[in-house]
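K.L.:
One structure follows; several queries about it will come next.
Residue numbers (my numbering): 175 to 311.
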């Protein structure tokens, strides 16, 4: 397997999964004001981190295609990925459980915050793999 092609692709897929996981409550709950309260209840809204994952898509794709220095892309992807996962975890730990359970009767939303954290994990994993394939780690 070519780590120089597959590794950044794993990070890019992680970014897309993260963005999809952020959009899931809008489908499950259906009321945008309730979802807005849910996202703003924690330390930092993960919607802000969604912007960082969009940037990571561009950086990792540019590094994979050689349009930017691959070592810079791997490092930036790793830092952004750790930032996204760490702050998503902080948000997930600080969202009140009563707020989560009051959003809808569906039990899918109960585990959503942990799914957001898990969806962000491939970003730093793919970036670290990319850095290792480049011989940086």
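Every residue gets a Cβ at the ideal spot worked out from N, C-alpha and C, and that includes glycine.
(1) Using beta-carbon positions only, say whether residue 297 and residue 185 come within less than 8 Å of one another.
(2) Going by the beta-carbon positions, is the gap between residue 269 and residue 294 smaller than 8 Å?
(3) Does the pairing of the segment 232–241 with the segment 192–200 give three or more beta-carbon distances under 8 Å?
(4) For the alpha helix (DSSP H) that contains residue 179, what are its first and last residues?
(5) Only counting the same chain, and skipping five residues up and downstream in sequence, which positions put a Cβ closer than 7 Å to that of residue 229?
(6) Alpha carbon to alpha carbon, what distance is there between residue 176 and residue 234?
(7) If you draw a straight line from the alpha carbon of residue 311 to that of residue 300, how long is it in whole angstroms?
(8) With distances taken between CB atoms, is the gap from residue 220 to residue 265 smaller than 8 Å?
P.N.:
With the given structure in hand:
(1) yes
(2) no
(3) no
(4) 177–202
(5) 254
(6) 15 Å
(7) 13 Å
(8) yes
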